[in-house]
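Just below is one structure, and these are the notes that go with it.
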Amino acid sequence: MKLKPALLVIFFFGVWVLLKNYKSLYSDFQYSTKAPEGTTIDNMKQGEWKTYYLNGNIKSLETFKDDTLNGPSLFYNPNGTIRAKSTYRDGIKVDSFVMYHSNGKPNSEEWLDEKGKAQGVFKIYYSNGNLSQIGKNKDGNLDDTSRTFYESGALKTIEFYKNKMKNGTWKYYNERGRLTKTEIYENDSLLKK
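This note's numbering numbers the first residue of the sequence shown as 157 and each following residue consecutively.
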């Protein structure tokens, strides 16, 4: 029996697709064990829902109303430490949103308005707990003063943004606190070094 070239192409394409997707299929399997736990009413998720890792630890704990995220939402690492904490209202992430390093210390903190856009002060941290950056958001964009820091905690830069664009005087410091460079920006264009 002779195989037609078209059938061989289809066969090898199918094998290629399976091999290409094997890693992601295996990853999904290894990190989920039992079916998610929660209540459904009329085939819609209601209330608290849990998913699990293969080791039995909780992967996520989310709150639903009529199959839409609505309430607290927590995600965990396989070792049981918290990975992210947020709140949803009618499917939109709102209020405080915090992500964590694998050691359990905060990675980032921001505040989201009723439309899910970042507003006000945000903070980003190194895994040692020291501040990496503090700044302000307006409607999801960097706005106003932002400061970055070395892992040691020393000031690294003072930056100014307006509608996520670089504006004003930017100052750069070395780890000993000495000013090393100044730049002036207007609407993301460097005007002066």
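C-beta atoms are modelled at their ideal positions from N, C-alpha and C, and glycine is treated no differently.
Rounded to a whole number of angstroms, what is the C-alpha to C-alpha distance between R245 and L225?
-> 7 Å
Beta strand (DSSP E) containing D300: first to last residue?
-> D300 to F305
Closest by C-alpha distance to T325, when choosing among T196, G333, R303 and D198 | R303
Which stretch, first to last residue, makes up the beta strand (DSSP E) that contains K209?
-> Position check: residue 209 holds Tyr in this sequence, whereas Lys was assumed. Where Y209 is concerned, there is no enclosing beta strand (DSSP E), given that its DSSP letter is neither H nor E.
Taking C-beta to C-beta, are K254 and A240 nearer than 9 Å?
-> Before going on, a small fix: residue 254 reads as Val here, not Lys. Yes, Cβ-Cβ distance for V254 and A240 is below 9 Å.
Thinking C-beta only, is Y232 closer than 9 Å to N263?
-> no
Let me know the beta strand (DSSP E) ranges lying completely inside the segment 207 to 279, each 3 residues or longer, listed in chain order.
-> 214 to 221, 224 to 232, 238 to 245, 248 to 256 and 262 to 268
How is N343 classed by DSSP in three states: helix, strand or coil?
-> coil
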